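So the structure is just underneath, and the comments pick up after that.
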Amino acid sequence: MLSIDATAGKYGYHPSYSLRMVHELGGLRAAKQLLSTDNPQSGLARLWELELLDNSMEALVIQEQWKDLFSEEDLQEARRRLREYGYAFPR
7 MLSIDATAGK
17 YGYHPSYSLR
27 MVHELGGLRA
37 AKQLLSTDNP
47 QSGLARLWEL
57 ELLDNSMEAL
67 VIQEQWKDLF
77 SEEDLQEARR
87 RLREYGYAFP
97 R
């Protein structure tokens, strides 16, 4: 989760809300809490604008190495959000 913030920072975007959540809750709990909201954070739209959806929390949680940490509902929500932004899912 911290790498997402570091990468975005290289493009002038500093997602302070999610970074604060990671520091307060840890990466896993922060991701789960963000996925439990009805609407994605504005940061996802900003990452889309910067063509950095691969560096979004949603893209991170569906990766093979992390997906077992999340419920099927969390994974479905992450995929739904990514589809809304036209994310090119890896094959």
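When the letters of the sequence shown are read in order and numbered with this note's numbering, they come out as residues 7 to 97.
Think of the CB as a built atom: it goes at the ideal place given N, C-alpha and C, for glycine as much as any other residue.
All of these numbers come straight from a predicted model, not from anything done at the bench.
Asked                                                                                              : Found
Where do the ends of the alpha helix (DSSP H) carrying Thr43 lie?                                  : No alpha helix (DSSP H) contains Thr43, which DSSP labels as neither H nor E.
From what residue to what residue does the alpha helix (DSSP H) around Leu31 run?                  : Ser22 to Leu31
Quick one, are the C-beta atoms of Glu64 and Leu88 less than 8 Å apart?                            : yes
Going by alpha carbons, who is nearest to Ala14 out of Gly92, Leu75 and Trp54?                     : Trp54
Would you kindly check if the distance between the Cβ of Gln47 and the Cβ of Leu40 is under 8 Å?   : yes
Pick out whichever of Tyr91, Gly32, Ile68 and Asp80 has its Cα sitting closest to the Cα of Arg97. : Ile68
Out of Leu31, Leu75 and Asn61, which one is the CA nearest neighbour of Tyr17?                     : Asn61
In three-state terms, what does DSSP make of Gly15?                                                : helix
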